[in-house]
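Following: one structure in structure tokens, then a few remarks.
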Amino acid sequence: MTLPDPHAPAPIDPYLWLEEVDGARALTWVDEHNRLTEAELEAQPQHPALRERLRAILDASDRIPYARCHAGLLYNFWRDAGHPRGIWRRTTLDEYRKALPAWETLLDLDALARQGVEVEQG
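Residue numbering for the sequence shown follows our numbering, starting at 2 and increasing by one per position.
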């Protein structure tokens with residue numbers, strides 16, 4: 002068995018430029034691959050039905066609102082048909098345990114958009 006030479010130069014990564022996530026070359030590459038992927042998916046005969054099914058799952062009001070705990074409160078980012086951009090909200094652990102917890106909305110991205118404020122998510 003041959004071991005790698007620890008003194009050999011590191012191999013050059015031909016895709017290192019993709020790590021510059023805001024770089025023009027990387028963004029162009031992503032845009033092109035997104036276009037190709039979308040075209041391939043949309044060409045499939047099952048695409049419209051699958052898209053509707055996935056949208057129904059993502060917009061279902063009975064899905065579990067996964068939350069993160071911080072300082073004794075549970076925080077959740079929620080998207081549904083009524084909030085396509087999403088809302089950032091919080092509740093207590095006691096409320097979260099209920100079938101229909103009461104949430105306090107902290108930030109409503111859809112309301113901001115209606116006021117002309119666009120928030121970039123990332």
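Think of the CB as a built atom: it goes at the ideal place given N, C-alpha and C, for glycine as much as any other residue.
For residue i, which of the options has the nearest alpha-carbon?
{"i": "Ala-125", "options": "Ala-27, Pro-102, Pro-85", "result": "As displayed, the chain neither begins before 2 nor continues past 123, which places residue 125 out of reach and without an answer."}
{"i": "Arg-91", "options": "Gly-83, Ala-68, Arg-36, Gly-117", "result": "Ala-68"}
{"i": "Ala-103", "options": "Leu-94, Gly-73, Glu-121, Arg-64", "result": "Leu-94"}
{"i": "Glu-96", "options": "Glu-20, Arg-64, Leu-75, Leu-17", "result": "Leu-75"}
{"i": "Ala-112", "options": "Leu-19, Gly-24, Trp-89, Ala-9", "result": "Trp-89"}
{"i": "Glu-131", "options": "Pro-10, Leu-28, Arg-52", "result": "Given that the chain is displayed from residue 2 to residue 123, the structure contains no residue 131 and the question cannot be resolved."}
{"i": "Asp-60", "options": "Arg-80, Leu-101, Ile-13, His-48", "result": "Arg-80"}
{"i": "Phe-78", "options": "Leu-107, Leu-101, Val-22, Arg-98", "result": "Leu-107"}
{"i": "Leu-55", "options": "Ala-82, Val-120, Pro-12", "result": "Ala-82"}
Go ahead and label residue i buried or exposed: buried means 16 or more other beta carbons lie within 10 angstroms of its beta carbon, across all protein chains shown.
{"i": "Ile-65", "result": "exposed"}
{"i": "Asn-35", "result": "exposed"}
{"i": "Leu-28", "result": "exposed"}
{"i": "Leu-110", "result": "buried"}
Pull the bridge partners of residue i from the DSSP assignment, please.
{"i": "Leu-75", "result": "Cys-70, Thr-92"}
{"i": "Thr-3", "result": "Note: Thr-3 sits in no beta bridge, so no partner."}
{"i": "Leu-108", "result": "Trp-89"}
*Which residue spans inside the stretch 5–51 form an unbroken alpha helix (DSSP H) run of at least 4?*
Listed in chain order, they are 25–43.
_My parser needs the beta strand (DSSP E) runs of 3 or more residues fully inside the stretch 48–72; what are they?_
Qualifying beta strand (DSSP E) stretches, in chain order: 69–71.
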